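Asks: Below is the structure I would like to discuss, written out as structure tokens.
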Amino acid sequence: MFDGLPGEFEQFVDRARAALSQEITAAKKLAAAARAETATAQATLSNLQAQTKSTQDQSAAVTNELQRLSDLAGIGHSIVKARAELKRVQSETEQATKALAALHKQRTEAEAKLVTLNNEAQRQLGIRREAEAAYADIKARVYSVQLGQRP
143 MFDGLPGEFE QFVDRARAAL SQEITAAKKL AAAARAETAT AQATLSNLQA QTKSTQDQSA
203 AVTNELQRLS DLAGIGHSIV KARAELKRVQ SETEQATKAL AALHKQRTEA EAKLVTLNNE
263 AQRQLGIRRE AEAAYADIKA RVYSVQLGQR P
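Be aware that the sequence shown starts at 143, since it is given in the numbering used here, and climbs by one per residue.
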């Protein structure tokens, strides 16, 4: 009567463990991908910030040159071009900052999911231990009944 119960229980536990393991693995991969994307976004942001600084320095240099050489034709065009470049780089910096914030949020969510899955895995292990203890108790009682003893 109870002969198939341990095997079925073990199969159930193995399937549950495999499913949890897959979920944990997927969450870890998602967290790793989010960290990689965050690092890439941070590198891009640093690059854009450096470009912004460089463009601001160039813009300041062009402005100084304009004041010094205001009688030269075409200098106004260079200033307009530098300002347009500065605006473009600032726009890219803003976009990169938003992307970084989104990746940070995604990473936080993935890490929270990982914690939840780890907690569920621990809970399932506790359930398994309780079931194994109950099974051992039932098995001991069956043996004692088979030997004609009372528990």
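Glycine is no exception: its CB is placed at the ideal position from the N, C-alpha and C atoms. A quick note: this is a predicted structure, and the numbers were derived from the prediction, not measured.
Could you name the residues of the same chain whose beta carbon sits closer than 8 angstroms to that of I166, not counting the 5 residues immediately before and after it, in chain order?
Replies: L256, L259, N260, A263.
Asks: Roughly how many whole angstroms lie between the Cα atoms of E253 and A276?
Replies: Cα-Cα distance, rounded: 35 angstroms.
Asks: What first and last residue would you give for the alpha helix (DSSP H) that runs through L187?
Replies: Taken as a continuous stretch (DSSP letters only), the alpha helix (DSSP H) holding L187 covers 146-210.
Asks: Do the CB positions of T235 and L187 come within less than 8 angstroms of each other?
Replies: Yes, the Cβ-Cβ distance between T235 and L187 is below 8 angstroms.
Asks: Should A278 be labelled buried (16 or more other beta-carbon atoms within 10 Å of its own) or exposed?
Replies: By the neighbour-count rule (16 or more Cβ atoms within 10 Å), A278 is not buried but exposed.
Asks: Helix, strand or coil for L289, going by three-state DSSP, please let me know.
Replies: Three-state DSSP puts L289 in coil, outside helix and strand.
Asks: Looking at A226 and V204, is the spacing between their C-beta atoms short of 8 angstroms?
Replies: Not in contact: V204 and A226 (Cβ atoms no closer than 8 angstroms).
Asks: Would you call the CB atoms of A183 and L245 closer than 8 angstroms?
Replies: Cβ atoms of A183 and L245: closer than 8 angstroms.
Asks: Looking at C-alpha atoms only, which residue of S201, R230, R210 is the closest neighbour of S220?
Replies: Comparing Cα-Cα distances from S220 to each of S201, R230, R210, the minimum goes to S201.
Asks: Would you report the Cα separation of A173 and A160, rounded to the nearest angstrom?
Replies: Approximately 20 angstroms, taken between the alpha carbons.
Asks: Please list, in chain order, all residues of the same chain as E150 whose beta carbon is under 7 angstroms from its beta carbon, the five residues on each side excluded.
Replies: Closer than 7 angstroms at Cβ, skipping near neighbours: no residue.
Asks: Verify whether the separation of the beta carbon atoms of A243 and L190 is less than 8 angstroms.
Replies: Cβ distance not < 8 angstroms, so A243 and L190 don't count as in contact.
Asks: Measuring alpha carbon to alpha carbon, tell me which residue in R177, P148, L162 is nearest A241.
Replies: Ranking R177, P148, L162 by Cα distance to A241 puts R177 first.
Asks: Here's a check: name, in chain order, each residue in its chain whose Cβ is nearer than 7 angstroms to the Cβ of Q198, leaving out the five neighbours to either side.
Replies: L228.
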